[in-house]
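Read the structure below first, then the notes.
Okay, structure coming up:
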């Protein structure tokens, strides 16, 4: 069992001593050079925590800088958009190489303009009640829902023999 150490306030701490900061060390704002290096490491795909380690800063320093520097906060947002675009490009490339799951995901989230559904009213329980059996079956088929096989009216469901 791991026994806790105590920090400066006598509170238990399970973190390795190398991770504990003395209480006097307050987070600091990153210098412009640290900001640019941190952003660069993020664009290479590092996690925020890993980027902090590579730059020699703490996550608290980053958070304080994000909170106090609107330009840096905007740059973080831009990097996030850039990384998302990288994932979208990889998804597209995978779809073009024949991955059916990638094609399905891509087209569900980014259908061509002429595939957009016309403004259909929201499908509520009341609207479903108003549909005929034929209309309901058509909607099920269009949505890819397996429609049960037809049985003759009044026929009981098949019994299962044990």
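In my numbering, the protein residues as written are 43 to 204. C-beta: ideal position from N, C-alpha, C; glycine also. A quick note: this is a predicted structure, and the numbers were derived from the prediction, not measured.
Please state if the CB of residue 145 and the CB of residue 137 are separated by a distance shorter than 8 Å.
yes
Would you kindly check if the distance between the Cβ of residue 76 and the Cβ of residue 99 is under 8 Å?
yes
If you follow the alpha helix (DSSP H) that residue 108 is part of, which residue opens it and which one closes it?
Its alpha helix (DSSP H) spans residues 101-110.
Residue 70 in three-state terms, based on DSSP:
coil
Using the Cα positions of residue 65 and residue 114, report the straight-line distance between them to the nearest angstrom.
Unreliable positioning characterises residue 65 in this predicted model, as indicated by a pLDDT of 47, which lies under 50. The coordinate reading is nonetheless provided below. Residue 65 and residue 114 have their alpha carbons spaced roughly 26 Å apart.
Residue 185 versus residue 132: straight-line alpha-carbon distance, rounded
27 Å
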